[in-house]
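Asks: Numbering (the numbering used here), first residue to last: 154 to 231. Got a structure for you, questions after.
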């Protein structure tokens, strides 16, 4: 997850599964370095934002995005 979601300063607005790994991001730009991201279990992510359950059926190389908390997720391939 991105540092903004990890520190709870921004909500999860973008979920992606590059190569099968889960990424939960705020939707903003991030530096391409390890300091911008944290590794956590999916259970911690769901505790922080239960709406993520709605996209747990994403297949590898799919993504889901929403405009704001409470808005519907839009899914796509990448």
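C-beta: ideal position from N, C-alpha, C; glycine also.
1) Buried or exposed for residue 200, please, with buried defined as at least 16 other CB atoms from any protein chain shown within 10 angstroms of its CB.
2) Can you give me the start and stop residues for the beta strand (DSSP E) that residue 168 sits inside?
3) Taking residue 184 as part of the alpha helix (DSSP H), name the residues at either end of that continuous run.
4) Do residue 158 and residue 187 have their C-beta atoms closer together than 8 Å?
5) Between which two residues does the alpha helix (DSSP H) carrying residue 196 extend?
Replies: Let me spell this out:
1) exposed
2) Looking at the DSSP string, the run of the beta strand (DSSP E) that includes residue 168 is 167-169.
3) That residue, residue 184, is in no alpha helix (DSSP H); it is neither H nor E in DSSP.
4) Against a cut-off of 8 Å, the Cβ pair of residue 187 and residue 158 comes out as no contact.
5) Its alpha helix (DSSP H) spans residues 195-201.
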